[in-house]
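Structure, as structure tokens:
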Amino acid sequence: MSTTSRKPAAAKSRRARRVSEDTPWVEIPIFIHGITPDKNPTMCRKQYGELHRGVQASLKNYPKNDFSGFASEIPIVWGRPPYNDIKPDPNQPEQLLSSVEIAIRSLARKNMKAAYAGILGLHGMVRDWLFFGASDLIYYVSGDGEASVRNHIFIEIAQAISKRISDPNERFSLTIFGHSAGSLIAHDLLFHLFSKKKHKSENTTSMASYMDELRQMVKGDRLRLRRLYTFGSPIAPMTLRADSLVEKFYNKEKLDPEALGLLDGQDGLSNPRWVNFWSRYDIASYPVDALYSNSNGIIHDEEIRTSISPGAAHGSYWTSGQMADYIAKTL
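When you read off a place in the sequence shown, starting at 1, and then add 123, the result is the number in this note's numbering.
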């Protein structure tokens, strides 16, 4: 069943009900993959599992950071069908992305012949990265792609949270892991949830009522962001997607982390609340903390060691013991 055809399960009341501060938080991790040169259309589920296991193993070194939320994780799949044994849904254009990338790349190789691979295969590696990596990012930042992916992912996350509600007083705490374009999607999701700006882009989409329900939970102190972990993130150059942001940075202004739900000192949570991992060999990754008002270190950039190959570097975060250990230490 298409996620866009379902109504919000939590739509019984639009009022923000505030609950007791003593009510414990239900921890929910959300995994959002991004661009990758990998041609396997469902490889992201394997990657989620690898990072999950790495963090769980490292948590043994930090007994005070007990994190039981992994039992309730939300694994997001976009740009492809969620499983190998089903075909893309034509009614969800973003599911066609992976198949179309493979088809166009095959046509290019057929027409270019040996010239596709180039000297020592180096040109072929770059071209493959463009077809199976950068094209995902290009699709997401396009008008149609952004609307399609947001609609799918925002609704899926809202539905997944709704299904976990067994008591109207339950409180949910999100820890989001976003890779590459997935970090952009996570950033946009949080901005839609926590910023005070009216989001006109929701007006004609089926995700509007779902997002409204989540915002009501935020107002009622029933939904918070615990941590945000991004890696291989192109957020820095992608801030140029909107004229308002171009003007803001031209005027030497900075972004407000509170618009992403990053409240300094919230619920006794320690900083950093957002850790952004990058590698000097990953051409798609950039630091982010200088973009935001960050005097108390609520945002932190952490460089990690990776392969010197740009393609391998961009996909290596999922299995990085260094990154998993840092996540476990800061959870």
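C-beta atoms are modelled at their ideal positions from N, C-alpha and C, and glycine is treated no differently.
A quick note: this is a predicted structure, and the numbers were derived from the prediction, not measured.
One or two residues paired with residue i in a DSSP bridge
{"i": "leucine 346", "result": "Phe295"}
{"i": "proline 423", "result": "The sequence shown places histidine at residue 423, rather than the proline named in the question. The partner list for histidine 423 (beta bridge, DSSP) reads Val398."}
{"i": "leucine 378", "result": "Tyr415"}
{"i": "proline 198", "result": "Phe154"}
Cβ distance (whole Å) where residue i is taken to contact residue j below 8 Å
{"i": "glutamate 150", "j": "threonine 298", "result": "7 Å"}
{"i": "aspartate 223", "j": "alanine 447", "result": "The residue you asked about is not aspartate; residue 223 is valine in the sequence shown. Actually they do not touch by this definition, with Cβ atoms about 33 Å apart."}
{"i": "proline 395", "j": "isoleucine 421", "result": "6 Å"}
{"i": "glutamate 325", "j": "histidine 275", "result": "Not really, about 14 Å apart at Cβ, beyond 8 Å."}
{"i": "arginine 350", "j": "leucine 454", "result": "7 Å"}
{"i": "alanine 304", "j": "glycine 157", "result": "4 Å"}
{"i": "leucine 174", "j": "phenylalanine 300", "result": "7 Å"}
{"i": "glutamate 196", "j": "proline 152", "result": "4 Å"}
{"i": "glutamate 425", "j": "tyrosine 409", "result": "That pair is no contact at about 13 Å."}
{"i": "proline 262", "j": "leucine 220", "result": "The sequence given here has tyrosine at residue 262, not proline. Yes, tyrosine 262 and leucine 220 are in contact; Cβ-Cβ is about 6 Å, under 8 Å."}
{"i": "leucine 313", "j": "proline 357", "result": "Contact flag wrong, Cβ pair sits at about 17 Å."}
{"i": "proline 211", "j": "proline 204", "result": "5 Å"}
Which of helix, strand or coil DSSP assigns to residue i
{"i": "proline 216", "result": "helix"}
{"i": "proline 152", "result": "strand"}
{"i": "isoleucine 431", "result": "coil"}
{"i": "lysine 460", "result": "The chain is shown from 124 up to 454; residue 460 falls before or after that span and cannot be answered."}
{"i": "isoleucine 280", "result": "helix"}
{"i": "glycine 241", "result": "coil"}
{"i": "aspartate 468", "result": "Coverage of the chain is limited to positions 124 through 454, which leaves residue 468 absent and any answer about it impossible."}
{"i": "asparagine 207", "result": "coil"}
{"i": "arginine 228", "result": "helix"}
{"i": "leucine 454", "result": "coil"}
{"i": "alanine 407", "result": "coil"}
{"i": "glutamate 173", "result": "helix"}
{"i": "threonine 146", "result": "coil"}
{"i": "leucine 392", "result": "coil"}
{"i": "aspartate 259", "result": "helix"}
{"i": "glycine 444", "result": "helix"}
{"i": "alanine 289", "result": "The residue asked about is misnamed: residue 289 is serine in this sequence, not alanine. Looking at serine 289 - three-state DSSP - the assignment turns out to be coil, as it is neither helix nor strand."}
{"i": "glycine 438", "result": "helix"}
{"i": "aspartate 387", "result": "coil"}
{"i": "arginine 138", "result": "Residue placement at arginine 138 is poorly supported in this model, since its pLDDT is 49, which falls under 50; the coordinates still yield a value, given next. It is coil, neither helix nor strand."}
Short CB-CB distance (under 8 Å) between residue i and chain B
{"i": "isoleucine 153", "result": "Absent from the structure: chain B. Only one protein chain is present."}
Residue i: CB within 7 Å of a non-hydrogen atom of the ligand FAD
{"i": "leucine 368", "result": "Inclusion of the ligand FAD in the displayed structure is not the case, the ligand content being empty and no account of it being possible."}
If we require 4 or more residues per run, which alpha helix (DSSP H) segments fall completely within the segment 300–370? 304–317, 331–342 and 358–361
Using a Cβ distance threshold of 8 Å, determine whether the segment 370–379 contacts the segment 391–405, with at least three qualifying pairs required. Between the segment 370–379 and the segment 391–405 there are fewer than three C-beta pairs closer than 8 Å, too few to call the two in contact.
Please confirm if the segment 173–190 is in contact with the segment 438–447, defined as three or more CB-CB distances below 8 Å between the two stretches. yes
Could you tell me whether the segment 197–212 touches the segment 278–286, where touching means 3 or more Cβ pairs closer than 8 Å? yes
Could you tell me whether the segment 235–245 touches the segment 327–336, using the rule of 3 or more Cβ pairs below 8 Å? These segments do not touch.
Taking three-plus beta-carbon pairs below 8 Å as touching, is the segment 400–420 in contact with the segment 432–442? yes
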